[in-house]
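Asker: So that we are looking at the same thing, I have put the structure below in C-alpha cells.
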Amino acid sequence: MCGTLDQNIHYAQAIKDIIGLRYEPVAIKLVKTDEEYPEGYKEPVVQQSHCQALFRAKNGMAFKMPLDCHNCMVGASALNLVDTSDKVASGEFHVGIGIHDSEVAASKMIQERMIVPFRSQGEVVCPLKEADFVPDIVAIVDIPERVYWVVALATAEEGGRMEFSTSPFQCACEDVVAVPMCTGKPNISLGCFGCRRRTDMRPDEVAAGIPYAMIPSFVEHLGKYKDGVMAKAKRD
3 MCGTLDQNIH YAQAIKDIIG LRYEPVAIKL VKTDEEYPEG YKEPVVQQSH
53 CQALFRAKNG MAFKMPLDCH NCMVGASALN LVDTSDKVAS GEFHVGIGIH
103 DSEVAASKMI QERMIVPFRS QGEVVCPLKE ADFVPDIVAI VDIPERVYWV
153 VALATAEEGG RMEFSTSPFQ CACEDVVAVP MCTGKPNISL GCFGCRRRTD
203 MRPDEVAAGI PYAMIPSFVE HLGKYKDGVM AKAKRD
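All letters in the sequence shown, in the order written, are residues 3 to 238 by our numbering.
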C-alpha cells in the first residue's frame with residue numbers, strides 16, 4: 003500500500019504542478035461486490051451525488067460511498083451500483099427537466115449511454131495524492147487549456163485523433179467514469195446540467211476522466227513537456 007500511495011503522491015503532484023491545475027486530481031475506485039473497501043475512508047454525513055463527491059474531492063475531501071450514500075440514482079445506475087429505473091429508461095424523468103423535446107429523445111440518450119461494465123457495491127472518491135489504492139479513474143477539472151493536455155498526452159505515442167462522448171447529462175458519472183472504463187481511453191466532458199446545478203463547477207470549466215493505467219505514461223510525458231512544448235505554448 004505504501005508504494006501505491008507514494009506513487010499516487012508523485013503522480014498527483016506532477017499532474018497538478020506541470021499542467022497547472024487549480025484543483026487536485028481525483029482518484030475514483032468502483033468497489034466490486036466481492037471486494038473490500040480500502041480502509042480509512044469515511045461515509046459522508048449526509049447523502050450526496052457522485053458528482054458532488056467528485057467535485058468535493060478536487061477540493062481535498064475524501065469519501066467512502068456505498069449505494070446508501072448516493073442521492074442520485076441516475077448517476078448510481080451509470081456506475082452500475084443499481085439498475086436503471088423504468089422512469090429514467092423511458093425518458094420520463096429527463097424530459098421533465100426541459101432539455102429534450104420528447105420522452106423518446108430523452109430515452110434515446112439513456113439507451114445509448116455507457117455503464118461501468120461490472121456491478122459495484124460502492125466507490126471511494128478522494129484526492130489522488132491521498133489514495134492508498136489503485137484507482138480505476140483519475141479525474142481532473144479545469145479550464146479547457148489545462149484539460150487540452152489530456153489530448154496531447156493521449157496521442158503522444160500512437161498519434162491519431164481523440165473522440166469525446168458526452169450528453170446534456172451525466173458528466174461526472176458517465177462521461178468521466180463509465181466511458182473511460184468501457185473504452186480504456188480518456189474522455190472529456192463539457193459538464194452537464196446536474197454538475198452545474200449541484201456542484202461548484204464554474205462556467206469556464208470542463209472535466210476529464212483518464213484510466214489509471216495510462217497515468218504512468220502521462221506523467222512520464224509531462225516531464226518531457228514541462229521544459230519543451232509547454233514552455234513554447236501560450237498558457238495565460
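Idealized CB from N, CA, C, for every residue including glycine.
Which residues in the same chain have their Cβ closer than 7 Å to the Cβ of P119, if we skip the five residues on either side of it in sequence?
Answerer: M183 and C184.
Asker: Identify whether G186 lies in helix, strand or coil by the three-state DSSP scheme.
Answerer: DSSP places G186 in coil when its eight states are reduced to three.
Asker: Please go through the same chain and pick out, in chain order, the residues whose beta-carbon is closer than 8 Å to the beta-carbon of V136, but skip the five residues on each side of it.
Answerer: T6, K31 and Y214.
Asker: Could you tell me which of G77, R200 and Q15 sits nearest to R115, measuring between CA atoms?
Answerer: Looking at the Cα atoms, G77 is the closest of the given residues.
Asker: Ignore the nearest five residues each way along the sequence and tell me which others in M3's own chain have a CB closer than 8 Å to its CB.
Answerer: Residue confidence is low: M3 scores 49 on pLDDT, short of 50, so the model does not pin down where it sits. No coordinate-derived value is stated.
Asker: Curious, which full-length beta strand (DSSP E) runs of at least 3 residues does the stretch 118-188 contain?
Answerer: If we require 3 residues or more, the beta strand (DSSP E) runs fully inside the stretch 118-188 come out as 122-129 and 139-144.
Asker: Would you call the stretch 143-160 in contact with the stretch 90-105, where contact means no fewer than 3 C-beta pairs closer than 8 Å?
Answerer: Taking 8 Å as the limit for Cβ pairs, the verdict is that the stretch 90-105 does not touch the stretch 143-160.
Asker: Among A55, I139, H96 and S109, which has the Cα closest to the Cα of N10?
Answerer: Checking every option, the nearest Cα to that of N10 belongs to I139.
Asker: Check each candidate in M63, R198, G186 and L83 and name the one with the smallest Cα separation from E125.
Answerer: Nearest of M63, R198, G186 and L83 to E125, Cα basis: L83.
Asker: Taking only three categories from DSSP, how would you classify L32?
Answerer: In the structure shown, L32 sits in a strand (DSSP, three-state: E or B).
Asker: Using the Cβ count rule (16 or more neighbours within 10 Å means buried), how would you classify K66?
Answerer: With 16 or more Cβ atoms within 10 Å of its Cβ, K66 is classed as buried.
Asker: For the beta strand (DSSP E) containing M216, name the first residue and the last one.
Answerer: Unbroken run through M216: none, as it is neither H nor E.
Asker: What separation, rounded to the nearest whole angstrom, lies between the Cα atoms of A107 and L81?
Answerer: Each residue's Cα considered, the two are about 22 Å apart.
Asker: Should the stretch 188-202 be called in touch with the stretch 50-61, which here means at least 3 C-beta pairs below 8 Å?
Answerer: Contact between the stretch 188-202 and the stretch 50-61 is present, because at least three Cβ pairs lie under 8 Å.
Asker: Should the stretch 36-46 be called in touch with the stretch 167-186, which here means at least 3 C-beta pairs below 8 Å?
Answerer: No, they do not touch.
Asker: For A210, does the three-state DSSP call read helix, strand or coil?
Answerer: In this structure, A210 counts as strand in the three-state DSSP scheme.
Asker: Give every residue of the same chain whose Cβ lies closer than 6 Å to the Cβ of S169, excluding the five residues on either side of it in the sequence, and list them in chain order.
Answerer: Excluding residues within five positions, the ones whose Cβ falls inside 6 Å are M111.
Asker: Does DSSP put M67 in a helix, in a strand, or in coil?
Answerer: Three-state DSSP puts M67 in a strand.
Asker: Just to confirm, is the Cβ distance from V1 to V153 under 8 Å?
Answerer: Given a span of 3 to 238 for the chain in the structure shown, any question on residue 1 remains unanswerable.
Asker: What would DSSP say about Q49, mapped onto helix, strand or coil?
Answerer: Correct three-state label for Q49: coil.
Asker: Determine whether the beta carbon atoms of S104 and V90 lie at a separation below 8 Å.
Answerer: Against a cut-off of 8 Å, the Cβ pair of V90 and S104 comes out as no contact.
Asker: Tell me whether S51 is buried or exposed, calling it buried when 16 or more other Cβ atoms sit within 10 Å of its Cβ.
Answerer: When all chains shown are included, S51 counts as buried.
Asker: Which of the three DSSP states, helix, strand or coil, is assigned to H72?
Answerer: In this structure, H72 counts as strand in the three-state DSSP scheme.
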